[in-house]
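Here is the structure we will look at, set down as structure tokens.
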Amino acid sequence: MLYFAFATLLVTIIALVWVLRIFSSYNPGKKRVQEDLKKMKLDLDQQNVELVPIDEGELELFSTNQIKQILKKGITTTATGVFTTIFDEPVLAYSYKKYVSKGHNAILLVRTANHEFAYRIQKGEIRIVIDSQLVGALKADGVLYGAKSQKVLAKVNRESDRQLPVLVNNREVGNLALVPTGSSKLKDRAFQFVRDDLSRDERNIFLSLAALEMVMQKVEQ
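Mapping of the sequence shown onto this note's numbering: residues 1 to 221, in sequence order.
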């Protein structure tokens with residue numbers, strides 16, 4: 001009898017914990033999101049991976065290969081990983097969390113040797129922050145609108161099934177490669193083409209969009 005009562009209590013506690021976890025991860029408020037971003041920053045710090053700086057003319061060295069990848073799917077989806085160059089040098093680390101929601105509700109933190117990109121995915125758009133500065137909102141049609149100007153800053157052209165051309169300031173600055181699901185090629189180049197005359201702003205915007213696509217291709221497979 002005592003054993004039965006203890007077992008019932010244990011099941012009740014476990015169920016309560018799961019319910020609390022679901023509610024705490026459902027449509028979180030701004031405070032919860034900020035707390036999760038702080039934790040993600042710590043997670044990236046603790047990876048102990050020294051990211052290699054990539055010069056302006058070396059963006060084409062990015063590959064789709066990952067090391068230290070951890071993907072967990074449950075009540076929430078979480079993922080961490082590090083992308084490398086085609087020469088196995090670590091260049092981009094990320095941490096991702098998807099909340100319980102009817103739509104896509106998630107946060108993503110990406111770090112390179114010189115920059116940090118944060119993304120808030122919610123209500124059909126993705127707000128992009130580069131080095132603590134809100135740049136704009138990426139809409140479902142692939143158009144990035146400036147946070148202050150509300151003008152078109154960039155666009156990801158999704159009409160092709162093999163590559164994703166990226167336009168910044170109304171000119172094509174690079175093409176992202178689409179990796180087929182289940183591809184066994186570990187060191188495919190992430191970018192099929194990148195202009196060598198990018199301004200600093202063009203480069204940062206291109207990298208912010210490229211990093212987003214690279215991560216989402218991995219965590220949403």
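Note that beta-carbon positions come from the ideal geometry of N, C-alpha and C, so glycine has one too.
For the pair A106 and I130, the CB atoms are not nearer than the 7 Å cut-off. In this structure, the straight-line span from the alpha carbon of F83 to that of A93 is close to 6 Å. In the same chain as G142, and ignoring 5 residues on each side of it, the C-beta atoms closer than 6 Å to its own belong to K155, V156, R158, in chain order. With a 10 Å radius around the Cβ and a threshold of 16 neighbouring Cβ atoms, P90 comes out buried.
Secondary structure remark: continuous beta strand (DSSP E) runs of at least 3 residues inside the stretch 83–156, in chain order: 90–98, 106–111, 116–122, 125–130, 133–139, 143–146, 152–156. Proximity of the stretch 160–178 to the stretch 65–76 falls short of the contact definition, fewer than three beta-carbon pairs being nearer than 8 Å.
Going by DSSP, S63 is part of the beta strand (DSSP E) stretching over 62–73.
Your pair V173 and R195 checks out as a contact, with CB atoms roughly 5 Å apart and the cut at 8 Å.
Here V166 has A154, K155, V156, N157, E172, V173, G174, N175, L176, F206, L209, A210 as same chain residues with Cβ atoms under 8 Å from its own Cβ, once five neighbours each way along the sequence are excluded. Under DSSP, T78 shares a beta bridge with K72, K97. Distances from the CA of G136 to each of L61, L42, V168, P53 were compared; the closest alpha carbon is that of V168. Here N175 is bridged, per DSSP, to P165, F193.
In this structure L109 is buried. Its beta-carbon is surrounded by 16 or more other beta-carbon atoms within 10 angstroms.
Beta-carbon to beta-carbon, G146 and G124 are separated by about 18 Å, too far to satisfy the 8 Å threshold. Counting only the Cα atoms, D45 lies some 10 Å from R111.
Counting the other CB atoms within 10 Å of its CB gives G81 a total of 16 or more, which places it among the buried residues.
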